[in-house]
Amino acid sequence: MQGLHLVADLRGCRADLPLMSDVEALRRHCLAAVSDVGLEAVGELFHRFTPAPGESQSGVTGVVLLAESHLALHTWPELQAVTVDVYVCNLGQDNGAKARALMDGLLPAFEPQTVQAQELARG
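Add 2 to the 1-based position in the sequence shown for my numbering, that's all there is to it.
Have a look at this one:
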């Protein structure tokens, strides 16, 4: 049950970036990042929300199910914010370096002004 859980709150992201509101752009970015670090995607779901009353933009929620656990992202272009959640299990091998590399590879594309990150050892 040993695992590593990484979370990051991004603020001051550019609202006009395709990753903030384009389901397919976010999907491609996430799947490429997962593949680049050597983790295995086994499923995925990405959804764009309808803008809230009075808002012209809406965000995307995306989840990539990994053989090692999961990646989840939520974008709020109207708030210039993104949350990222990476969890990997370490049964059989330590996937911690891959989880950190995944997080490090995802965040810069949102061009955040600030990043608040946390790391939690699980199990």
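Each residue gets a CB set at the ideal place from its N, CA and C atoms; glycine is no exception.
Strand pairing of residue i, partner residues [DSSP]
i   : result
T52 : According to DSSP, which records beta bridges pairwise, T52 is partnered with nothing at all.
L75 : G64 and V86
A43 : L68
Nearest candidate by alpha-carbon position, reference residue i, set the options
i    : options               : result
A58  : V65, L8 and S23       : Correcting the residue identity first, residue 58 is Ser in this sequence and not Ala. When each option's Cα is compared against that of S58, the closest is S23.
E113 : T63, E26, L33 and D11 : D11
R29  : V66, V44 and C15      : V66
Residue burial classification, residue i (beta-carbon count within 10 angstroms, cutoff 16)
i    : result
T77  : buried
A35  : buried
M105 : buried
V86  : buried
Three-pair Cβ contact test at 8 Å for the segment 30 to 40 versus the segment 98 to 109: Verdict: yes, contact present.
Segment contact flag, the segment 60 to 72 with the segment 83 to 91, C-beta cutoff 8 Å, min 3 pairs: Yes, the segment 60 to 72 is in contact with the segment 83 to 91.
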